[in-house]
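Residue numbers (the UniProt record's numbering): 1 to 260.
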């Protein structure tokens with residue numbers, strides 16, 4: 001097992017970012033659950049009394065996360081802040097990973113100076129996802145920056161790039177842009193491991209092999225995906241619209257995860 005910084009007790013946790021941290025597509029009774037909510041549940045199970053906030057909003061770019069969400073976290077003053085941002089920028093053809101990383105570092109610096117411990121995430125390996133593979137080299141460069149930032153600020157790092165289980169289609173929603181519920185479950189388990197929070201499952205557990213019929217179904221899904229998801233995604237980028245327009249954070253204030 002890798003060596004990670006020591007966290008100790010986590011009494012408060014704030015999650016920042018975009019759709020990945022908001023929890024799309026991991027449905028809950030109201031809205032979405034996602035890896036961050038799941039991680040909060042793991043922390044609460046081991047260390048009862050956690051106060052948790054999640055201000056992530058789908059579609060947010062790095063400037064919005066650092067300019068709007070980071071100050072919110074600084075004001076809340078939690079023990080732990082998860083910061084995963086920049087992915088939506090990296091997927092835009094005009095973006096540069098060096099510029100995005102520099103903005104991310106500004107957010108990490110502000111959170112660290114305010115006294116919170118920060119948890120960062122590398123980007124996914126998307127080489128097997130149509131269209132997304134075009135950003136493969138940019139994600140690699142961005143990830144190198146994230147590793148460097150984590151070292152310099154003594155931040156926790158959840159390295160998702162080498163997670164082989166996330167290269168299985170079953171870890172992803174049908175839109176291939178967001179994790180499936182099981183994908184979120186595995187990321188939460190990995191994050192808990194990084195923090196030293198005890199869990200009962202292993203995120204590395206492999207998926208069972210696909211049957212031949214399932215493989216053929218996956219090929220047919222490629223065509224449906226292009227019509228249903230790829231086209232609208234491209235149109236939003238062309239028109240400068242965001243899937244998060246008008247969406248508010250789901251947990252804007254630190255509050256007990258469990259009402260006692």
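Built from N, CA and C at the ideal position, the CB exists for glycine as well.
Only a predicted model underlies this, so the values are computations on that prediction, with no experimental measurement involved.
Should residue i be labelled buried (16 or more other beta-carbon atoms within 10 Å of its own) or exposed?
i	result
residue 294	The shown model of the chain, from 1 to 260, leaves out residue 294, and the question about it has no answer.
residue 260	Confidence in residue 260 is poor, its pLDDT being 47 and thus under 50, which makes the residue's placement unreliable; the coordinate value appears in the next sentence. The residue is exposed, with fewer than 16 neighbouring Cβ atoms inside 10 Å.
residue 34	buried
residue 116	buried
residue 73	buried
residue 207	exposed
residue 256	exposed
residue 92	exposed
residue 18	buried
residue 252	exposed
residue 26	buried
residue 6	exposed
residue 23	buried
residue 48	exposed
residue 15	buried
residue 1	Residue confidence is low: residue 1 scores 49 on pLDDT, short of 50, so the model does not pin down where it sits. Its coordinate-derived value is still stated next. By the neighbour-count rule (16 or more Cβ atoms within 10 Å), residue 1 is not buried but exposed.
Going by CA-CA distance only, name the one from the options that's closest to residue i.
i	options	result
residue 86	76, 155, 106 and 72	106
residue 124	77, 29, 135 and 40	135
residue 40	191, 64, 250 and 253	191
residue 83	102, 119, 71 and 53	119
residue 51	153, 110 and 12	12
residue 197	28, 189 and 249	189
residue 184	14, 28 and 8	28
residue 181	15, 9 and 37	37
residue 113	30, 75 and 95	75
residue 126	156, 95, 148 and 162	162
residue 95	57, 139 and 167	139
First and last residue of the alpha helix (DSSP H) that includes residue i?
i	result
residue 88	87 to 90
residue 142	136 to 152
For residue i, does the three-state DSSP call read helix, strand or coil?
i	result
residue 252	strand
residue 17	strand
residue 54	strand
residue 172	strand
residue 158	strand
residue 104	helix
residue 97	helix
residue 126	coil
residue 63	helix
residue 38	helix
residue 113	helix
residue 201	coil
residue 257	coil
residue 210	coil
residue 247	coil
Along the chain, where does the beta strand (DSSP E) containing residue i start, and where does it finish?
i	result
residue 72	Taken as a continuous stretch (DSSP letters only), residue 72 belongs to no beta strand (DSSP E), being part of the alpha helix (DSSP H) at 70 to 76.
residue 117	117 to 121
residue 81	80 to 84
By DSSP's criteria, residue i is part of a beta bridge. Which residues make up the other side?
i	result
residue 27	32
residue 179	172
residue 12	51
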